[in-house]
Each structure stands twice: as C-alpha cells, then as structure tokens.
Amino acid sequence: VLSDGRSFVPETPVDAVLLDAPCSATGTIRRRPDILGRRSSADISSLQTIQWELATTALGWLKPGGQMIYATCSLQPEEGEDIIAAILEAADGRYQLAPITSAEAGLFGRSITENGCLRILPSSYADIGGVDGFFIARLMSIA
C-alpha cells in the first residue's frame with residue numbers, strides 16, 4: 001500500500017500494525033552527531049502532530065485484541081512516552097499498554113521501562129559496539 005497513513009482505511013480490521021513513526025531521529029546521534037543542531041522545538045512539535053495523527057488513525061484499524069507497535073528512533077520523550085500517554089488518556093479505555101516482555105526484547109530486555117515500553121539509549125549498549133536510540137511501545141485494542 002502506498003498511501004498517507006492518516007487517510008488510509010483498510011478494507012477490514014487488522015490484527016496488527018507496526019508504526020515506525022516519522023521522528024526527529026535524535027536516536028541516531030551516535031552515528032550522526034550533527035542531528036541535534038538540525039532539530040528545533042518547532043520541528044518536534046510538528047512531528048508530534050504527525051505522530052499523533054498516524055497513531056490514532058492506525059489504532060482505529062485494529063480488531064478487538066489487535067496490537068499496534070509504535071516505534072521512533074527519537075530520544076525525545078515528547079515523541080515517545082508523551083505520545084503514548086496522550087493516546088491512552090484520550091482513548092477512554094479503548095486501548096491499553098501491552099507490556100513488552102524480556103523474552104520478546106531479547107538482548108534489549110534491560111531497556112524495558114517500568115510500564116513495559118522499551119527506551120533504548122545509545123550509551124546503554126557500548127559493550128556490543130553501541131546502538132541507535134529508540135522508543136518502542138505496544139498498545140492493544142480492547143474495544
């Protein structure tokens with residue numbers, strides 16, 4: 001499918017969605033140190049709007065029990081934790097956070113947050129040569 005995810009409507013509800021949302025890419029700082037100088041708070045705000053629209057639209061595609069993985073390569077809470085918190089607050093109980101388990105996260109299990117998301121920092125994995133920073137959350141439709 002080649003379409004803007006904010007206006008796409010699947011023919012039938014789906015079991016799962018992987019949303020690799022457009023973001024500031026601040027998680028790539030290890031490889032691209034110039035990224036911080038190229039992003040402003042206005043950029044983050046604009047990206048948050050797109051992330052919100054994509055995520056809330058994609059959640060509407062899910063069957064009951066369906067899951068959406070929301071991922072960004074951003075270190076900014078505004079593009080990760082804050083988006084997920086806002087979605088859950090506005091969802092009126094239709095969606096819930098489905099914690100990622102250590103078994104699912106494998107090597108990245110040590111990056112699981114207390115609410116079951118992954119917050120991977122570039123500095124956390126120097127022992128394996130380093131990684132880019134990411135935020136990953138799983139939401140489940142319960143309506």
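First residue of the sequence shown: 1, per my numbering; consecutive thereafter.
From the three backbone atoms N, C-alpha and C, an ideal C-beta is built for every residue, glycine too.
Every value quoted in this text rests on a predicted model; they were computed, and no experiment measured them.
- Judged by their CB atoms, Ala-91 and Tyr-70 are not nearer to each other than the 8 Å cut-off.
- Residues of the same chain with a CB within less than 8 Å of the CB of Ile-35, apart from the 5 flanking positions on each side, are Ser-24, Ala-25, Thr-26, Thr-28, Ile-29 in chain order.
- By the neighbour-count criterion, in which 16 or more other beta carbons inside 10 Å mark a residue as buried, Gln-96 falls on the exposed side.
- For Trp-52, the closest of Gly-93, Ile-87, Leu-75 by C-alpha to C-alpha distance is Ile-87.
- Burial is judged here by how many other beta carbons sit within 10 angstroms of a residue's own beta carbon; Glu-79 has at least 16 and is buried.
- In the structure shown, Gln-76 falls within a coil segment according to DSSP collapsed to helix, strand and coil.
- By DSSP's assignment, Ser-141 forms a beta bridge with Tyr-95.
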